[in-house]
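Counting from 1, position 60 in the sequence shown corresponds to residue 97 in the working numbering; the numbering is continuous, with no gaps. Note that the Cβ used here is the ideal one computed from N, Cα and C, for glycine as well. Worksheet: one structure, shown below.
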Amino acid sequence: MVVKLGGSLYNHVPDIITSFTSAPVPLLIIPGGGKFADEVRNARLSDEESHWAAINAMDRYGRYIASCGLTTTTELRIPPRTMVLLPSRCLQEADPLPHSWDVTSDTISAWIAGKLGLDLLVVKSVDGIRVNNSLVPTLSHPIETDVVDPLFIPYVLENRIGVSIINGSIPDRITRFLKGETVPGTRIGTTF
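Following this line, the structure appears as structure tokens:
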């Protein structure tokens, strides 16, 4: 399974890593950009420069995640054990996505999950996608939301990537989800 760990969860990483290491299957963790990507956004670089600087920010956050007890990899492959992918190298080699702020670590993690043929767990600081203040448990068509980047939902639907979005600020939810239990969140896709 591919797991995108949102940058907004920076302060929760040590607890979240405990959940990841107890998972029954190896996980490939994709770091968000978080405060490192915010620095890039505030620099007001060109789309091209911002794209690669934000991807390098993902590597920086990934190194922090790994410092809590995991190893890193730069190889795009199903890991033998839970590892953190530093994505800059494989993204520079493939360059698969548009260079704009419509593409963030959300869509990058979806691309990685699609390349590996794996489901994607998106761990954010919110329960999932909401419409009219109500949690949307399943989603099979594009909608506008600020929970994920604008390209994410159309991309995962078009590429038939099974996605779950859950709240990582409650680490027990991650543990329960990884054990196959139902937890609050949003599932995206036509098959789960």
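From the DSSP output, in three-state form, read off residue i for me.
i      : result
Leu122 : strand
Leu42  : strand
Lys72  : helix
Phe229 : Unreliable positioning characterises Phe229 in this predicted model, as indicated by a pLDDT of 43, which lies under 50. The coordinate reading is nonetheless provided below. Coil at Phe229, not helix or strand.
Thr111 : coil
Thr212 : helix
Thr219 : coil
For the beta strand (DSSP E) holding residue i, just list the boundary residues, first then last.
i      : result
Ile166 : Looking at the DSSP string, Ile166 is not in any beta strand (DSSP E), and its letter there is neither H nor E.
Ser93  : With the sequence shown as reference, residue 93 is identified as Asn, and Ser is not the correct amino acid for it. It is not in any beta strand (DSSP E) - Asn93 instead sits in the alpha helix (DSSP H) that spans Asp84 to Ala103.
Val200 : Val200 to Asn204
Val159 : Leu157 to Lys161
Residue i to residue j, Cα distance in whole Å?
i      : j      : result
Glu181 : Ile225 : 13 Å
Lys152 : Phe57  : 22 Å
Arg78  : Gly154 : 31 Å
Cys105 : Glu195 : 35 Å
Asp84  : Ile202 : 27 Å
Ala74  : His88  : 10 Å
Lys216 : Val140 : 30 Å
Ile115 : Ala91  : 24 Å
Cys127 : Thr223 : 28 Å
Gly99  : Pro68  : 5 Å
Excluding five sequence neighbours on each side, which residues of the same chain lie with their C-beta closer than 7 Å to the C-beta of residue i?
i      : result
Phe229 : Confidence is the limiting factor: at Phe229 the pLDDT is only 43, short of 50, which leaves the residue's position unreliable, though a coordinate-based value still follows. Cβ within range, chain order: Gly199.
Arg213 : Val220
Among the residues of its own chain, which have a CB less than 6 Å from the CB of residue i, if the five just before and after it don't count?
i      : result
Ala131 : none
Val193 : Ala147, Val200 and Ile225
Buried or exposed for residue i, going by 16 or more other Cβ atoms inside 10 Å?
i      : result
Val168 : exposed
Asn170 : exposed
Pro135 : exposed
His178 : exposed
Asn204 : buried
Val40  : buried
Which residues bound the alpha helix (DSSP H) around residue i?
i      : result
Arg197 : Here Arg197 belongs to no alpha helix (DSSP H), and DSSP marks it neither H nor E.
Can you give me the Cβ contacts of residue i inside the same chain, cut-off strictly under 8 Å, excluding the 5 residues immediately before and after it?
i      : result
Ile190 : Leu176, Pro179, Ile180, Thr182 and Ile225
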